[in-house]
Each structure stands twice: as structure tokens, then as C-alpha cells.
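Top line first, the protein sequences correspond to chains U and D. Here the first sequence stands for residues 14 to 126, numbered as in this note's numbering. Here the second sequence stands for residues 110 to 222, numbered as in this note's numbering. Here's the structure we're looking at; comments come further down.
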Amino acid sequence: QQQVKQSPQSLIVQKGGISIINCAYENTAFDYFPWYQQFPGKGPALLIAIRPDVSEKKEGRFTISFNKSAKQFSLHIMDSQPGDSATYFCAASKGQAGTALIFGKGTTLSVSS
Amino acid sequence: KAGVTQTPRYLIKTRGQQVTLSCSPISGHRSVSWYQQTPGQGLQFLFEYFSETQRNKGNFPGRFSGRQFSNSRSEMNVSTLELGDSALYLCASSGGQYQETQYFGPGTRLLVL
Chain U
14 QQQVKQSPQS
24 LIVQKGGISI
34 INCAYENTAF
44 DYFPWYQQFP
54 GKGPALLIAI
64 RPDVSEKKEG
74 RFTISFNKSA
84 KQFSLHIMDS
94 QPGDSATYFC
104 AASKGQAGTA
114 LIFGKGTTLS
124 VSS
Chain D
110 KAGVTQTPRY
120 LIKTRGQQVT
130 LSCSPISGHR
140 SVSWYQQTPG
150 QGLQFLFEYF
160 SETQRNKGNF
170 PGRFSGRQFS
180 NSRSEMNVST
190 LELGDSALYL
200 CASSGGQYQE
210 TQYFGPGTRL
220 LVL
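Now the structure itself:
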């Protein structure tokens, strides 16, 4: 049973546009929601993370929006650049030390110049 | 601060063999988690170690095992390799102020022939 569903599977955005990736979770015990960025041949790198006590968190061009009642969260990349072309993973965990991150299947973003 | 390091980076084995992968966490981090990444299943949690003790385990067969040393370095072992074990094996460390934040290494690419 997939506990974190991510969409779309792939995304093509024009340079300067907004990239939006969505995730939905099932387990209401989850209380930590990070997003990771992965380039080919590299490990996932933490981009930004949020806890359910806030509805939005912004770091530079990256914003997480969180809807606790709908059990959904999304990543917005503003002013998308070719260098943002990568695979993005949402994840969820119970937020305690040692607990597993449950990942979505990933979204491959391609930003065209 | 140096990041998470993993050795070797690439490995080719044949079915039935066993393999040991190594991970050195970020200095000061005492928690090490292991994940398997495949195109079909995505990122899946294997297990987590803290202070030389396995605290959490994913849904993988007993052929997958690990350990942690007193300096927090960790190894994972896969015995009786199967073709389906071909994957990128990622190690992540966490610690410090935000215990839930996991930082990934570059991974070990294992190919089983």
C-alpha cells in the first residue's frame, strides 16, 4: 500500500515558469514532510521541509504548501531555471528520530530554455 | 563539514554472492539509515541504526542486514544476491538539532549479474 502518492510523474516547464508538484498522504501519524531533489548519479538532497503546524513555508524560490485536512502538500518552484531540471521526491515520516522516510515515486522536472 | 560518504560507489556481483557496503555519516551524527532505490519501487527504507543498535527496520528479507560501529560508521550486507537486488543503495545520516532531518550520501550502485 503506497502511503505517499506523488503527481505528476513528469513535468515540462518553460524557463521562468512555475513548477508545481503535488503529494498526498494517508497516515495521519505523519508529521514531517520534506522534499528532496536528486540529480543523475547523485543522492537525494534536502530542499525544504514542513511540519503540519504551518500551512506554508518558503525558502528562496521554493515553497511548500500544506493542507492538513486534505492530507496533501505541494512544492512550488518559482522562476524555474534549467538548473532545476532534476527528479523531485516528496516524503513523509512520523518526525521522530530514527523513523523511516516514506517517499513518493518522484517527479522528473525538465525546464526548457 | 564533510557530507555522508559511501564506498564503494559502484559494484558488480553475480547471483549468489554476498556484498558489503559502507557508510560514514556526517561528523557528529549518530543515526544512520539505509534505503534502496530502484526504478520500479522507488526509494524504500531498509533499516536505521543508532548507537550501534538497530532501531527501525523496513520490509526487506533477512538477506539484508546491517551494523553500526562505535564511531557511527555503518555497513550493510546483502547475502545470496538476486538479480532484483540491483539498485542504488543510499545511506542517510541524521543528528544534531533536527533529529528528523536525513542527509543522503551519493549511494552505491550495485549491479547483480
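Ideal Cβ placement from N, Cα and C applies to all residues, glycine included.
query, result
"Member of D:D194, D:G214 and D:K166 whose CA lies at the smallest distance from the CA of D:Q127", "D:D194"
"CB of D:L130 within 9 Å of CB of D:Y212, strictly", "no"
"Rounded distance between the beta-carbons of U:T121 and U:T100, thought under 8 Å", "5 Å"
"Beta-carbon proximity check, D:R172 vs D:V141, cutoff 9 Å", "no"
"Proximal residues to D:Q145 (C-beta, below 7 Å), its chain only, five neighbours per side dropped", "Q153, L155, A196 and Y198"
"C-alpha gap between U:Q16 and U:Y49, whole angstroms", "17 Å"
"Residues near U:G30 by beta carbon distance below 7 Å, same chain, minus five either side", "S93"
"Listed by chain order, chain D residues near U:F116 by CB distance under 7 Å", "G151 and L152"
"Neighbourhood of U:P65 by C-beta distance below 7 Å, restricted to the same chain and skipping five residues each side", "D44, F79 and K81"
"6 Å CB neighbourhood of U:G119 in its chain, flanking five on each side removed", "T100 and F102"
"The stretch 111-120 of chain D touching the stretch 213-220 of chain D, judged by at least three CB pairs closer than 8 Å", "yes"
"Residues sharing a beta bridge with U:L122, DSSP", "U:L24 and U:A99"
"Which of helix, strand or coil DSSP assigns to U:L114", "coil"
"Sheet register partners of U:Q51 (DSSP bridge)", "U:T100"
"Below-9 Å beta-carbon distance, U:Q109 vs any chain D residue", "yes"
"Own chain, CB closer than 7 Å to U:S106, minus 5 neighbours either side, in chain order", "F43, Y45, T112, A113, L114 and I115"
"Any C-beta of chain D under 9 Å from that of U:P47", "yes"
"Cutoff 9 Å: U:G56 Cβ touching any chain D Cβ", "yes"
"Neighbour-count burial assignment, U:M91, 16 or more Cβ in a 10 Å radius", "exposed"
"Within chain U, the residues that D:G216 reaches when beta carbons sit closer than 7 Å", "G56"
"Cα-Cα separation, D:I135 to U:S126", "36 Å"
"Cβ neighbours of D:T123 in the same chain (closer than 8 Å, five flanking residues each side left out)", "L190, V221 and L222"
"Bridge-paired residues (DSSP) for D:M185", "D:L130 and D:G175"
"C-beta contact flag for D:E161 and D:Q150 at 9 Å", "no"
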